[in-house]
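>
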Amino acid sequence: MTDLAELRAAIDEIDGQLLALLAERFRVTAEVGRLKKAAALPGRDAQREAEQIRRLHDEARRLGLGEEWVTSLWRLILDEVVRRHAQA
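In structure tokens, the structure reads:
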């Protein structure tokens with residue numbers, strides 16, 4: 001039987017992995033932002049965002065996660081990407 005301390009340690013490890021993945025995502029999106037700026041492309045791409053939402057909804061259903069929740073989470077991440085691009 002797993003005890004509470006072990007479960008909490010597992011959660012802490014997962015949280016660290018999530019943050020590391022988000023940091024990596026922001027690093028990659030910063031590079032995307034630099035390329036877009038150099039090519040004089042708009043910062044947002046509505047078609048790409050819609051494609052991402054569809055893909056994330058499919059993945060959410062596969063994993064048993066709520067589509068609305070995943071959309072809300074993704075919007076928070078996207079808003080942070082846009083904020084970072086504006087600062088660059």
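Residues 1 to 88 (the UniProt record's numbering) are what the sequence shown spells out, left to right.
For every residue, glycine included, the Cβ atom is placed at its ideal position computed from N, Cα and C.
With 16 as the cutoff for other CB atoms within 10 Å, does G43 come out buried or exposed?
Position 43 of the sequence shown holds residue 43. G43 comes out exposed.
> Alpha carbon to alpha carbon, how far is G33 from A39? Give it in angstroms, no decimals.
On the sequence shown, residue 39 is found 39 positions in, with the first residue counted as 1. On the sequence shown, residue 33 is found 33 positions in, with the first residue counted as 1. Cα to Cα, the separation comes out at about 10 angstroms.
> Verify the contact flag: D15, CB atom, against every heavy atom of the ligand NAD, threshold strictly below 7 angstroms.
Inclusion of the ligand NAD in the displayed structure is not the case, the ligand content being empty and no account of it being possible.
> Which parts of the UniProt domain "Chorismate mutase" (1-88) are runs of the alpha helix (DSSP H), unbroken and 4 residues or longer, counting only runs that do not cross its ends?
Fully enclosed alpha helix (DSSP H) runs of 4 or longer: 4-38, 46-63, 67-87.
> Should R61 and E67 be called a contact, given that it needs their Cβ atoms to be closer than 8 angstroms?
Within the sequence shown, the letter at position 61 stands for residue 61. Within the sequence shown, the letter at position 67 stands for residue 67. Yes. Within cutoff.
> Are the beta-carbon atoms of W74 and L63 separated by less than 8 angstroms?
In the sequence shown, residue 74 corresponds to position 74, counting from 1. In the sequence shown, residue 63 corresponds to position 63, counting from 1. No, they are not a contact pair.
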